[in-house]
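Below is one structure, written out as C-alpha cells; comments come after it.
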Amino acid sequence: MPFGYQLLFTDVDNTLLPAGGHISDRDLAFIRNLLKEEVRVVIASGRCRDLVWPVIRALGLDRMHDSLTISQNGGHIFRNDTRQTVSLSPTDPELIARLFVHARELGIRSRSYSENLVYFNRADPAIEDFRRRYQCHCRLLADPASEITEPPVKFMVIDPDPEQIRRFYLDTLPLTEGRLRADFSSPTTLEYTECEVCKGAGLKRVCEYYNISPAKAVAIGDSENDMTMIREAGLGIAMRDAFSPLKSKADRISRLSCAEGGFSDTLRDIWPQAG
60 MPFGYQLLFT
70 DVDNTLLPAG
80 GHISDRDLAF
90 IRNLLKEEVR
100 VVIASGRCRD
110 LVWPVIRALG
120 LDRMHDSLTI
130 SQNGGHIFRN
140 DTRQTVSLSP
150 TDPELIARLF
160 VHARELGIRS
170 RSYSENLVYF
180 NRADPAIEDF
190 RRRYQCHCRL
200 LADPASEITE
210 PPVKFMVIDP
220 DPEQIRRFYL
230 DTLPLTEGRL
240 RADFSSPTTL
250 EYTECEVCKG
260 AGLKRVCEYY
270 NISPAKAVAI
280 GDSENDMTMI
290 REAGLGIAMR
300 DAFSPLKSKA
310 DRISRLSCAE
320 GGFSDTLRDI
330 WPQAG
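With my numbering as the guide, the letters of the sequence shown map in order to residues 60 to 334.
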C-alpha cells in the first residue's frame, strides 16, 4: 500500500458532498475502489447519525463489517452495519437549556442533537425536512429546562448574519468557557460539544479501535471543526475553498474545489490503485 496509509477520514459537507448537490459518480467509484483495496473509510461529520446516514448508505459503508462513523464532531461514534453506539459524550442538559433560551431571546435558530433526537428552539422548516427525508425524531421545545429528556451531544446556533453568531458566542462565554468546546463549521454556524470532544479525538479513538497508528491515516476536510482531525492524521488535507487557518495547518491543499471533484483528485496519487 503506497506510503502505508490504511485509513481515510473524510468530512462530508463541502468536502465529499457539494453544497446542495450529490456525491459525484467519480468520488463514489473512488471510495468503493478504496474499500475493495481494504482501505478503511471513516466519515467524520458534524451531522448526527440520521442526517449522515444517506451518505453512509450511498458509499456502501452500512454493508461493511465493523465500519465506523464519527458523528457530531466526535461526540457520537457508531458502527455502520448495526447502528450500535461505540462512544457517546453527552453534554449537561441544564447548560444546553440555558443556551436554547438565550438563542430564542436573540431570535437565532438553534438545535441540538442527542443520540436519537433532534431538539429545536422554534418552528423551523428543517423539522419537516428532517422527518421526511432523514426519518429524524424531532422535538420542538417550549420549555427546554423540562423537555430535554435525552442528554444532548451537540448544540448549534445558525444565523445568516455572522455578527449575530459572534454576539451569541460572546454573550454565553461566561457559561460555556471551560465547560463546552465551540467550533465554527461555517461563519454562520457555531457548534458546541463537550470540551474533550473533537474530530481529532474521534480519529484517535477510531485508530485505537482498529489498532492502527494515526500516522497511517489520511484526513480531509474544509472547516474549523476539521482542524484537530487534520493535525492528528499522518497526512492532513484541506480542500481548496477551506477555512484559511485550516489550510495553513494542512500538509496539502486540493487543486480543485469539492464541486469540481477535488476530493478524489487530491487523493488519487496517494491511492492510485483506486483511481
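Built from N, CA and C at the ideal position, the CB exists for glycine as well.
Since the structure is predicted, the reported quantities are computational estimates derived from the model, not experimental observations.
- By alpha-carbon distance to R170, the top candidate from T144, C266, V212, N92 is V212.
- In the DSSP assignment, I136 falls outside any alpha helix (DSSP H) and lies within the beta strand (DSSP E) extending over 135 to 138.
- Pairing V114 with I102 gives a Cβ-Cβ distance under 8 angstroms.
- Here K213 is bridged, per DSSP, to Y172.
- A distance below 6 angstroms between beta-carbons, with the five flanking residues on each side excluded, links E253 to the following residues of its chain, in chain order: S148, T150.
- In this chain, the alpha helix (DSSP H) harbouring F227 covers 221 to 235.
- A78 and V216 have their C-alpha atoms spaced approximately 19 angstroms apart.
- Counting the other CB atoms within 10 Å of its CB gives R192 a total below 16, which places it among the exposed residues.
- Assignment of E164 by DSSP, reduced to helix, strand and coil, places it in the helix class.
- Rounded to whole angstroms, the separation of the alpha carbons of N180 and T69 is 30 angstroms.
- Between V277 and the set Y269, V256, D310, the nearest pair of CA atoms involves D310.
- For D242, no alpha helix (DSSP H) encloses it; the enclosing beta strand (DSSP E) starts and ends at 239 to 245.
- Judged by DSSP secondary structure, R99 falls outside any alpha helix (DSSP H) and instead within the beta strand (DSSP E) spanning 99 to 103.
- Annotated as distal: R240 and Y228, with beta-carbon spacing of 8 angstroms or more.
- Taking a cut-off of 8 angstroms on C-beta distances, the stretch 200 to 207 touches the stretch 152 to 172, as three or more cross pairs fall below it.
- K308 and I289 have their alpha carbons spaced roughly 8 angstroms apart.
- Nearest to G237 by alpha-carbon distance, out of I136, T248, I312, V256, is V256.
- A check of alpha carbon separations from R225 across T287, L234, P210, F243 identifies F243 as the nearest.
- I167 and E209 have their alpha carbons spaced roughly 23 angstroms apart.
- By the criterion of a C-beta distance shorter than 7 angstroms, R157 is surrounded in its chain by L234, once the five residues flanking it on both sides are discounted.
- A distance below 7 angstroms between beta-carbons, with the five flanking residues on each side excluded, links D183 to the following residues of its chain, in chain order: R168.
- Non-local beta-carbon contacts of L315 in its own chain, meaning distances under 7 angstroms to residues more than five positions away in sequence, involve R299, G321, D324 in chain order.
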